[in-house]
Amino acid sequence: MNSSFIRQPSPQFEEQATRLNQAFPTRRPGIRRIFQKSNSESLTLRVFRNPVLPSNWHCHPAISVNVDSKIIIGTLLSNFMCSLSSPTRLPPPTHQHIAHLILEQKSPSEALETFRWASQLPNFTHNQSTYRALVHKLCVFRRFDGIHQLLHEIPTSLGSPPDEDIFVTLVRGLGRAKRIREVIKVLDLVHKFGVAPSLKIYNSILDVLVKEDIDIARGFFRKKMMECGVQGDDYTFGTLMKGLCLTNRIGDGFKLLQVMKTRGLTPNTVIYNTLLHALCKNGKVGRARSLLSEIVEPNHVTYNLLISAYCKEQNLVQALVLLEKNFALGHAPDVVTTTKVMELLCNVGRANEAAEVLERVERNEGIVDVVAYNTLIKGFCSLGKAKVGLHFKKDMEIKGFLPNVDTYNILIAGFCEINLSSVALDLFNEMKVAAISYNFVTFDTFIRGLCSKGHLQSGFKVLDLMEESKDGSGGCISPYNSVIYGLYRENCWNEALEFINKMGKLFPRAVDRTLRIICLCEEDNIGSAKEVYHQMLHEGGIPNALVYSSLIQCFCKHNNVREAFQLMNEMFGHGYLPVTSTYNVVVSGFCSQGKTASALKLMEEMDERGCLLDEETYNPLILAYCCKGDLQKALKILHQMIGKGTSKWLQLIQNNPSFGDGRAAVRLC
1 MNSSFIRQPS PQFEEQATRL NQAFPTRRPG IRRIFQKSNS ESLTLRVFRN PVLPSNWHCH
61 PAISVNVDSK IIIGTLLSNF MCSLSSPTRL PPPTHQHIAH LILEQKSPSE ALETFRWASQ
121 LPNFTHNQST YRALVHKLCV FRRFDGIHQL LHEIPTSLGS PPDEDIFVTL VRGLGRAKRI
181 REVIKVLDLV HKFGVAPSLK IYNSILDVLV KEDIDIARGF FRKKMMECGV QGDDYTFGTL
241 MKGLCLTNRI GDGFKLLQVM KTRGLTPNTV IYNTLLHALC KNGKVGRARS LLSEIVEPNH
301 VTYNLLISAY CKEQNLVQAL VLLEKNFALG HAPDVVTTTK VMELLCNVGR ANEAAEVLER
361 VERNEGIVDV VAYNTLIKGF CSLGKAKVGL HFKKDMEIKG FLPNVDTYNI LIAGFCEINL
421 SSVALDLFNE MKVAAISYNF VTFDTFIRGL CSKGHLQSGF KVLDLMEESK DGSGGCISPY
481 NSVIYGLYRE NCWNEALEFI NKMGKLFPRA VDRTLRIICL CEEDNIGSAK EVYHQMLHEG
541 GIPNALVYSS LIQCFCKHNN VREAFQLMNE MFGHGYLPVT STYNVVVSGF CSQGKTASAL
601 KLMEEMDERG CLLDEETYNP LILAYCCKGD LQKALKILHQ MIGKGTSKWL QLIQNNPSFG
661 DGRAAVRLC
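In the UniProt record's numbering, the protein residues as written are 1 to 669.
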């Protein structure tokens, strides 16, 4: 604490200091007077660093404190000064004050000196609590020899042996120092004082041993407790169960349950929950569920463990069954369990049910947080219902939950997905008003959403904002690949190549690999292109849409349609939808190999994903089925093409001899 020294103390101050010395006289030579003159003409108080004084002493603002194993009095106490003017002497400090003062000392010598000083105060005698404070302080500094001397002083000083709390403090101190043998010997130390160790002391020793070595703990329990007739309690068996489960000795955990039952003890819920947790952690959820029937009073922790375990196994039915039982017992799941159930529901498209779970938890006065709401908002956005997600954002704000950057990132992605970029932009601007800093995910999400939907100019503006921000892209190429993908979707191949060249300074290796693959594909050197591609993946690079498109077309050109199809699946994995010309070559490749079923399946998948199909998509399939003589399937595909509004279908029929009489085919249509 900063100090301001009083260089010339007033006569009144010296008089008050003298009266304070008279109020608390001491006999120790080193501190004969509590207040003394220092070389700086200030008054000092030895021993104390931060004295804890009776509650009716109030700080006087005139003086401050200096710390150097003696304290310059920086806070005189106005009420105390008033009391000095009366003949009534202040009451001695309480044992709580002295214990706190001992614990505040920064070295064992200061703690001991404070303890001895307090023993000299008039009308004050130490008790078990002050001795316990000193034992704790000496344990912190590992002065265990001094502790033994201190313990032997207690019977003479207090007229009674050290209490169990002092021995428990010693056990924990030895445990922190990893002196395991000495921990066990504390039992002998207790016997030296003519008393039997209490169960609390046994339990504290067992707790230390369990954390160190479960085998030593089990040996202690058998030899020092069971064989000596010491009956353990719930805490004893709970400690052992914790140690067994932490070391995955689940079988021994069940044996411990049997030991308790044979002794006429009923395992409490905490012991069962410990075993349940170990079973669930090891994937034995069914065994954990069967154990539930043995628990007399399962609590909310019991159900949280089982529900979370079923969620981890993606077993939504059982998770919901237990959740319903939990609600029936009047318990609400904790926030982590609630979020897991909601996430599992949202993952299977049941966001409405997730909203009901959240509502029931709130109705049962359970705790929810912004993460739970974000999970729900994400669930609705993944269903294309970003507007509903926005409603829940407003709802959480009304209830006092402030949306965070993840909330906005989810909503921005959701609105971009349904092509409502204007709303996404409003949310992006709202973040600035709400003083929520953009992170990389914000920029990456927004750039991807804008560019994938054709809003390239807006995407470039957000990219500029990202580059001007403190962290920029953070060395991540993802936003730049999103721009390339947007240009690819708009068939702006030259502009995409120009953009890639500009990226050279930021991502030289990725740009080099990309351009080499594109050039090799243009040269029909598929072997070398494939080699560079695998090298790129091995280096941790992420191929962009142009790389995939070039490789797919080159593979199909060399009649390697299967590898082209695998690359297309990789494109989907990165969130890239191939343009019509890219998947048309794969459809045509399957047809040329006679794999019309694969071609038809691919075309249907493209249609489901929202890809635009044109006559170049349908033509190879129609011709392939006609060549096989399967006119019914050919006509079915033709109907689909007409339904999509694809042009030139009539000209195709009339000019293609595979249909025979074109007029008859038209009538069939």
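Idealized CB from N, CA, C, for every residue including glycine.
Leaving aside the five residues that flank residue 249 on each side, the residues in its chain whose CB is nearer than 8 Å to its CB run, in chain order, 214. Minimum Cα-Cα distance from residue 476 among the listed residues 439, 565, 373 and 498 corresponds to 439.
Cα atoms of residue 564 and residue 287: separation of roughly 47 Å, rounded to the nearest angstrom.
Taking a C-beta distance under 7 Å as the contact criterion, residue 322 and residue 306 qualify as a contact pair. Excluding sequence positions up to five before and after residue 162, its CB lies within less than 6 Å of the CB of 151 and 154, all in the same chain and listed in chain order. The C-beta separation of residue 524 from residue 556 comes to about 12 Å, leaving the pair out of contact by the 8 Å criterion. Contact annotation: residue 272 and residue 230 have beta-carbon atoms that are not nearer than 7 Å. Between the beta-carbon of residue 351 and that of residue 376 there is about 7 Å, and that keeps the pair under the 8 Å contact cut. In this structure, the beta-carbon distance from residue 373 to residue 396 falls below 7 Å.
Residue environment for residue 222: exposed (fewer than 16 other C-beta atoms within 10 angstroms of its C-beta). By the Cβ criterion, the stretch 466 to 475 is not in contact with the stretch 494 to 504, since fewer than three pairs of Cβ atoms, one from each stretch, lie closer than 8 Å. For residue 328, the closest alpha carbon among the candidates 339, 478 and 298 is that of 298. If only complete runs of 4 or more residues are kept, the stretch 425 to 486 shows the alpha helix (DSSP H) at 440 to 452 and 456 to 468, in order along the chain.
Sixteen is the threshold: since fewer than 16 other Cβ atoms of the shown chains lie within 10 Å of the Cβ of residue 572, the residue is exposed.
Looking at 551, 492 and 337, the one whose alpha-carbon comes closest to that of residue 519 is 551. When the beta-carbon positions are compared, residue 243 and residue 217 come within less than 7 Å of each other.
For residue 393, the enclosing alpha helix (DSSP H) has its first and last residue at 386 to 398. Inclusion of residue 410 and residue 381 in the CB contact set at 7 Å is warranted, their separation being smaller than that value. The C-beta separation of residue 456 from residue 498 comes to about 13 Å, leaving the pair out of contact by the 8 Å criterion. Close CB contacts of residue 238 within its chain, under the 6 Å cut and outside five residues either way in sequence, are with 270 and 271 (chain order). In this structure residue 245 does not touch residue 206 by the C-beta definition: roughly 15 Å separates them, more than the 8 Å allowed. In the displayed model, residue 304 falls within a helix according to three-state DSSP.
Straight-line measurement puts the Cα of residue 461 at about 60 Å from the Cα of residue 105.
No Cβ-Cβ contact shorter than 7 Å links residue 386 with residue 436. With fewer than 16 other Cβ atoms from the protein chains shown falling within 10 Å of its own Cβ, residue 192 counts as exposed. As for any alpha helix (DSSP H) of minimum length 4 sitting wholly inside the stretch 191 to 239, the runs are 199 to 212 and 214 to 220, ordered along the chain. Of all alpha-carbon atoms in 415, 638 and 130, the one lying nearest the alpha-carbon of residue 445 is that of 415.
In the DSSP assignment, residue 620 falls within the unbroken alpha helix (DSSP H) covering 615 to 627. Scanning its chain for C-beta atoms nearer than 8 Å, with the 5 sequence neighbours on each side dropped, one finds around residue 146 the residues 108, 112 and 138, in chain order. In the structure shown, the three-state DSSP call for residue 572 is helix.
Every unbroken stretch of the alpha helix (DSSP H) spanning 4 or more residues and falling wholly within the stretch 328 to 380 is given here in chain order: 335 to 347 and 351 to 363. In the three-state DSSP reduction, residue 162 falls in the coil class, being neither helix nor strand. When the five nearest sequence neighbours on each side are left out, the beta carbons in the same chain lying within less than 8 Å of the beta carbon of residue 637 are those of 600, 618, 621, 622 and 625, in order along the chain.
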